[in-house]
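Student: Numbering (our numbering), first residue to last: 934 to 1710.
Below, the structure is given as structure tokens:
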């Protein structure tokens, strides 16, 4: 388009309303600033409204007002909000400090936080609650201590991340420059309605009404209405005076009803469970110490803790974050590269993740692991990388999925993936057993689909390669701790049965101890090679997510099903010290491991919940049950009136996965739970299939690529690419609206609408941000 050159004296003001003001929303705001010089007509006024009950930047999840015990599961050096030289975007790259670099600049005085010391007159900038009830201490002594001590390998608290995000937001506003007004509304949007001229009117819960030329839905993680199982459990709890917590955000959960000493069943062993355990132990006054320097951690109870009985499908926690550094050759993709992904999309009539992509990623994972082991630690192997790599390259990728440490491949039945099997929506991967009939993801099997086998001859070939791979690893890697086989890696307790409860506890503790060694000691940096391989594969795969060629079954059961949980299990676990604390809690008798394949039910005779796992015969009864995971991102069940309103009015539609035409199969159609947005600009798609002219959406509830973790520096992060694409589309469309109004002779804006803010900062009407700018100067 040709960008109009009108000035503020002739161009009517246009407005953008952003619903939600968390990290993704302010990331788009920064991209608006970056792309403004190219796409926005000089001198034309623009108003951006940010609507969120919580402060812009951190939003709800990363708000300041939460327990100081809760932390990110990323190291400070691995968190950034800024694009860099690796970012493949159309807009300009504007580098900035990562979290650890930001903290260093705060320490040196290059960045000045409000107040300049503990609290201060403008400490309210960092508060989370609008209105006269504000009582937060702001930038308190604990936060300043954390800033002073923060290093690249530190795991920052969420409260510190809140400061970084709030500062990033203020920087984005400043970079927007003159003529742009940014207005924070500490309120909740209740409805968005179309006006006769096609624009939008946004109704807030405080009575305000905002007129918007464009609306960007950036709501982040929302809750959902209870699924039938959760409704059943809640009804049972209500009828019997029990405590039940359905999937929820840990920091928002009210667990005061959990009584000291009583059993609490925790279903799930991911990050939500780890955070819950922290709040129920250290959060209730317990402490950790180390009686012997270099010895094991010890937990000293406060007496207020419940007895936490935790289990999941795997029965073990997510792998801890990695603390080692690469010692060998720099990892590079070999089997699943961008070129391979592009070729698969071009050549296939239909794409199936389990058949076409997953075996390549699995082989890439082992390639990255063993490359680092052989090239970084030759003393730990009995062969050379050249010899091992040559033999490994010839292995069928499917064999990687079934090769085991015993030498005998995991069983692949004749009906592993029956032709024409109905699509099946999986549950999340680490709660109750996950079943996918057409890929053998079931109790006792790996948490991923086993390979598709065409016939007996094909099975013989794949199983022979699996035996060859097992023999190759056993002959080349003497220490069993260094050997990586995917079935045992995914399900270390599978098939194990213990006669005594304490034997199960000891087995889980031993697993955690091994995991800590593998993830933290420098001689085991091969796990970093594994991590980088799956992370790179995820980035490569992100370019394929929006392809129209995915089969319905694969999009629902694979992409939106087991794959997300499997990736998180390997790459998005807790900091290592959290697992060390878990060991101490187990030794103190506060945490009890229930094992794998956990089954939870209700017992009408006792009026309690009951649970058991597959690794021991005992049944545990409890008056409290917590489903420790985040709510599913399902727009059809969302508790957000805005998202439900889109569906109810037809202004948006739930994505329906369909088999691609020409795939040779009878077409199947399955709802995915995602809001449909247009691939090229993330406009919301309406019920007729046309893009909405005034509505855009990003986030986990859409069918656009989404990575939940904060972006790592120098990884061409998906979120930066998404933010830039959306920001450019918003500016382009707003400029077109401006040009149309100029041509039609619409009313000139009032002085307030067209007011400039000066060269160094945008016109921000939120009082606390104004104070921030004044103090930071």
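Quick reminder that beta carbons are idealized off the backbone N, C-alpha and C, glycines included.
So, are the CB atoms of residue 1469 and residue 1274 less than 8 Å apart?
Tutor: no
Student: Alpha carbon to alpha carbon, what distance is there between residue 1515 and residue 1592?
Tutor: Cα-Cα distance, rounded: 45 Å.
Student: Let me make sure I understand the geometry here. Which of 1133, 1626, 1673 has the alpha-carbon closest to that of residue 1662?
Tutor: Nearest option by C-alpha distance: 1626.
Student: Would you mind reading off the limits of the beta strand (DSSP E) that contains residue 1607?
Tutor: 1602-1608
Student: On the CB-based measure, 16 or more other CB atoms within 10 Å of its CB, does residue 1402 come out buried or exposed?
Tutor: buried
Student: Check for me: the beta strand (DSSP E) holding residue 981 runs from which residue to which?
Tutor: Segment 979-984, the beta strand (DSSP E) holding residue 981.
Student: At 3 residues or longer, what runs of the beta strand (DSSP E) sit wholly inside the segment 941-1021?
Tutor: Taking only runs of at least 3 residues, the beta strand (DSSP E) segments lying wholly in the segment 941-1021 are 947-952, 979-984.
Student: Tell me whether the segment 1304-1319 and the segment 1455-1470 touch, counting them as touching only if at least three CB pairs, one residue from each stretch, are closer than 8 Å.
Tutor: yes
Student: Sort 979, 960, 967, 952 by Cα distance to residue 1669 and report the nearest one.
Tutor: The candidate whose alpha carbon is nearest that of residue 1669 is 979.
Student: Have a look at residue 1568 and residue 1603 and give me their C-alpha separation to the nearest angstrom.
Tutor: 14 Å
Student: From the DSSP secondary-structure annotation, give me the bridge partner or partners of residue 1330.
Tutor: Residue pairing for residue 1330: DSSP places it in no beta bridge.
Student: Between 1209, 965, 1177, 1026, which lies nearest to residue 1004 when the distance is taken from Cα to Cα?
Tutor: 1209
Student: Taking the CB atoms as reference points, tell me whether residue 1632 and residue 1253 lie closer together than 8 Å.
Tutor: no
Student: Return the chain-ordered list of same chain residues with a C-beta closer than 7 Å to the C-beta of residue 1578, the five sequence neighbours on each side being excluded.
Tutor: 1124, 1125
Student: Check this for me: beta carbons of residue 984 and residue 950, under 8 Å apart or not?
Tutor: yes
Student: Among 1329, 1551, 1409, 1443, which has the Cα closest to the Cα of residue 1394?
Tutor: 1329
Student: Would you mind reading off the limits of the beta strand (DSSP E) that contains residue 1214?
Tutor: Looking at the DSSP string, residue 1214 is not in any beta strand (DSSP E), and its letter there is neither H nor E.
Student: In angstroms, rounded to a whole number, what distance separates the CA positions of residue 1215 and residue 995?
Tutor: C-alpha separation (whole angstroms): 20 Å.
Student: Could you have a look at residue 892 and say whether DSSP puts it in helix, strand or coil?
Tutor: The structure shown does not extend to residue 892, since the chain spans only 934 to 1710, so no value can be given for it.
Student: Give me, in chain order, the residues of the same chain whose beta-carbon lies closer than 6 Å to that of residue 1483; leave out the 5 immediate sequence neighbours on both sides.
Tutor: 1284
Student: Is the Cβ-Cβ distance between residue 1238 and residue 1193 less than 8 Å?
Tutor: yes
Student: By how many angstroms is the C-alpha of residue 1247 removed from the C-alpha of residue 1189?
Tutor: Computed Cα separation, rounded: 28 Å.
Student: Report the option in 1144, 1320, 1028, 1002 whose CA atom is closest to the CA atom of residue 1076.
Tutor: 1002
Student: Measure the alpha-carbon distance for residue 1096 versus residue 1012 and round it to whole angstroms.
Tutor: 13 Å
Student: Can you give the Cα-Cα distance for residue 1650 and residue 1481, rounded to whole angstroms?
Tutor: 22 Å
Student: Can you list, in chain order, the stretches of the beta strand (DSSP E) that have 3 or more residues and sit fully within the segment 1224-1249?
Tutor: 1231-1233, 1240-1244
Student: Inspect the beta-carbon positions of residue 964 and residue 1630 and report whether they are closer than 8 Å.
Tutor: no
Student: What did DSSP end up calling residue 1161 once you bin it into helix, strand or coil?
Tutor: helix
Student: Which residues does DSSP list as the beta-bridge partners of residue 1554?
Tutor: Answer by DSSP bridge pairing, in chain order: 1543.
Student: For the segment 1440-1486, list the alpha helix (DSSP H) runs that are entirely contained and at least 4 residues long, ordered along the chain.
Tutor: 1459-1475
Student: Would you please state the rounded distance, in angstroms, between the beta carbons of residue 1333 and residue 1409? I believe it to be under 8 Å.
Tutor: With 8 Å as the limit, residue 1333 and residue 1409 do not qualify as a contact, their Cβ atoms being about 15 Å apart.
Student: Using DSSP with H/G/I as helix, E/B as strand and the rest coil, what is residue 1626?
Tutor: strand
Student: Beta-carbon within less than 6 Å of residue 953's beta-carbon, same chain only, minus the 5 sequence neighbours each way: which residues are those?
Tutor: For residue 953, where only same-chain residues beyond five positions count, the Cβ hits under 6 Å are 985, 1151, 1152, 1153.
Student: Could you tell me how far apart the beta carbons of residue 1335 and residue 1299 are, in whole angstroms, since I believe they sit closer than 8 Å?
Tutor: Wrong, their Cβ atoms sit about 13 Å apart, outside the cutoff.
Student: So residue 1072 and residue 1555 are in contact, right, with Cβ under 8 Å, and what is the actual spacing, rounded?
Tutor: Not a contact, Cβ separation roughly 41 Å.
Student: Grouping DSSP H, G and I as helix and E and B as strand, with all else coil, what is residue 1643?
Tutor: Coil.
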